[in-house]
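Peer 1: In the numbering used here, the protein residues as written are 1200 to 1434. All C-beta atoms, glycine included, are put in the ideal place defined by N, C-alpha and C. To start, I am sharing the structure in question, which I have written as structure tokens.
Here it is in structure tokens:
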């Protein structure tokens, strides 16, 4: 009797496995399609025109920390730095408003932006800000924040870009700073912090919030980003 039931049991087991396999395959396809769709969505370019030791920039970046909690997956975030090209400046070829330490901080952040994922470099910037503006640009603080945020200074490319010693004076990083200052001038950004959403200036903090037609709270920036995101991804 048992022997007679074995073929039936074998067929039933095969059928169950086939159904489960097919369902799994469908799920895999759906997940893949959804992921591909997400990747294909156009992200909203958001640029903050800043100076690393500027109190206005630090406030702006604190506000955007809350913004990113809601729309990090919808933006392409970057920083662009304000300064003056100066060939006689020996270390950076740039004069920074808050001194050479600020130039070093700018380089450290630019190198992190180039070689680390957004979440990682943004955490690095927030860590530097937390140290206090007088500490930004100091090599030991950059290395400390890299360790704190899991940024692989030695092997990711950040260290070779900014200087393994954290000085911000390595050739690649200095070149990035000069390029950033040039790009900032081309974008007509003069005040730190200037918020650009989809290539349009939407707000400035320079002692106080200015020229913020759409508002200046995290909720306001989130709304504006959502609006631009929907425009960019209209089917």
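Smallest Cα separation from residue 1373: which of 1381, 1361, 1365 and 1384?
Peer 2: In the chain shown, the residue the question calls residue 1373 occupies position 174. It is 1361.
Peer 1: What residues in its chain sit with their C-beta under 6 Å from that of residue 1311, if we drop five residues either side in the sequence?
Peer 2: For the purposes of this step, residue 1311 is identified with residue 112 of the chain shown, where counting begins at 1. 1320, 1323 and 1357, listed in sequence order.
Peer 1: Assuming residue 1429 contacts residue 1241 (C-beta within less than 8 Å), just tell me the rounded distance between them.
Peer 2: Counting from one through the chain shown, the residue named residue 1429 turns up at place 230. Counting from one through the chain shown, the residue named residue 1241 turns up at place 42. Their Cβ separation, rounded to whole angstroms, is 10 Å, which puts residue 1429 and residue 1241 out of contact at 8 Å.
Peer 1: Determine the DSSP secondary structure at residue 1358, reduced to helix, strand or coil.
Peer 2: As a position in the chain shown, residue 1358 is number 159, starting the count at 1. Helix at residue 1358.
Peer 1: Between the Cα of residue 1272 and those of 1399, 1299, 1251 and 1317, spot the shortest distance and give me the residue it belongs to.
Peer 2: Position 73 of the chain shown, counted from the start, is the residue given in the question as residue 1272. Among 1399, 1299, 1251 and 1317, the Cα nearest to that of residue 1272 is on 1317.
Peer 1: May I have the straight-line CA-CA distance separating residue 1325 from residue 1425, to the nearest angstrom?
Peer 2: Along the chain shown, read from residue 1 onward, the residue named residue 1325 stands at position 126. Along the chain shown, read from residue 1 onward, the residue named residue 1425 stands at position 226. Between residue 1325 and residue 1425, the C-alpha separation is close to 24 Å.
Peer 1: Closest by CA to residue 1348, which one among 1334, 1364, 1329 and 1363?
Peer 2: For the purposes of this step, residue 1348 is identified with residue 149 of the chain shown, where counting begins at 1. Selected option, being the one with the closest Cα: 1329.
Peer 1: What residue from 1423, 1422 and 1405 has the CA that sits closest to residue 1257's CA?
Peer 2: Taking the chain shown and counting its residues from 1, the one referred to as residue 1257 is at position 58. Cα-wise, what sits closest to residue 1257 is 1405.
Peer 1: If you check the beta carbons only, do residue 1303 and residue 1248 fall under 7 Å apart?
Peer 2: Here the question's residue 1303 lines up with position 104 in the chain shown. Here the question's residue 1248 lines up with position 49 in the chain shown. Contact: no.
Peer 1: Based on Cα-Cα distance, which residue from 1260, 1239, 1306 and 1402 lies nearest to residue 1363?
Peer 2: Position 164 of the chain shown, counted from the first residue, corresponds to residue 1363. Comparing Cα-Cα distances from residue 1363 to each of 1260, 1239, 1306 and 1402, the minimum goes to 1306.
Peer 1: Is DSSP giving residue 1351 helix, strand or coil here?
Peer 2: One-based indexing of the chain shown puts residue 1351 at position 152. In the structure shown, residue 1351 sits in coil (DSSP, three-state: anything other than H, G, I, E or B).
Peer 1: Taking the C-alpha atoms as reference points, what is the distance between residue 1418 and residue 1350?
Peer 2: Start at 1 with the first residue of the chain shown, and residue 1418 comes out as number 219. Start at 1 with the first residue of the chain shown, and residue 1350 comes out as number 151. The straight-line gap from Cα to Cα measures roughly 30 Å.
Peer 1: Identify whether residue 1331 lies in helix, strand or coil by the three-state DSSP scheme.
Peer 2: One-based indexing of the chain shown puts residue 1331 at position 132. Three-state DSSP puts residue 1331 in coil, outside helix and strand.
Peer 1: Helix, strand or coil: which one does DSSP assign to residue 1374?
Peer 2: Position 175 of the chain shown, counting from 1, holds the residue named residue 1374. Helix.
Peer 1: Around the C-beta of residue 1331, are 16 or more other C-beta atoms found within 10 angstroms, so that it is buried, or is it exposed?
Peer 2: Taking the first residue of the chain shown as 1, we reach residue 1331 at position 132. When all chains shown are included, residue 1331 counts as exposed.
Peer 1: Please identify the residue among 1275, 1338 and 1407 whose C-alpha is closest to the C-alpha of residue 1301.
Peer 2: Walking along the chain shown from the start, residue 1301 turns up at place 102. Cα-wise, what sits closest to residue 1301 is 1338.
Peer 1: Answer yes if the segment 1251-1270 comes into contact with the segment 1285-1293, meaning at least three C-beta pairs across the two stretches below 8 Å, and no otherwise.
Peer 2: Flag = no, the segment 1285-1293 and the segment 1251-1270 do not touch.
Peer 1: Are there 16 or more other CB atoms within 10 angstroms of the CB of residue 1377, so buried, or fewer, so exposed?
Peer 2: Working through the chain shown from its first residue, we reach residue 1377 at position 178. Burial call: buried.
Peer 1: Taking all protein chains shown into account, decide if residue 1239 is buried (16 or more other Cβ within 10 angstroms of its Cβ) or exposed.
Peer 2: The residue you call residue 1239 lines up with position 40 of the chain shown. The residue is exposed, with fewer than 16 neighbouring Cβ atoms inside 10 Å.
Peer 1: Taking only the alpha-carbon atoms, compute the straight-line gap between residue 1281 and residue 1415 and give it to the nearest angstrom.
Peer 2: Indexing the chain shown from 1 puts residue 1281 at position 82. Indexing the chain shown from 1 puts residue 1415 at position 216. One C-alpha to the other measures close to 21 Å.
Peer 1: Opposite residue 1280 in the DSSP bridges: which residues?
Peer 2: Along the chain shown, read from residue 1 onward, the residue named residue 1280 stands at position 81. DSSP lists 1249 as partners of residue 1280.
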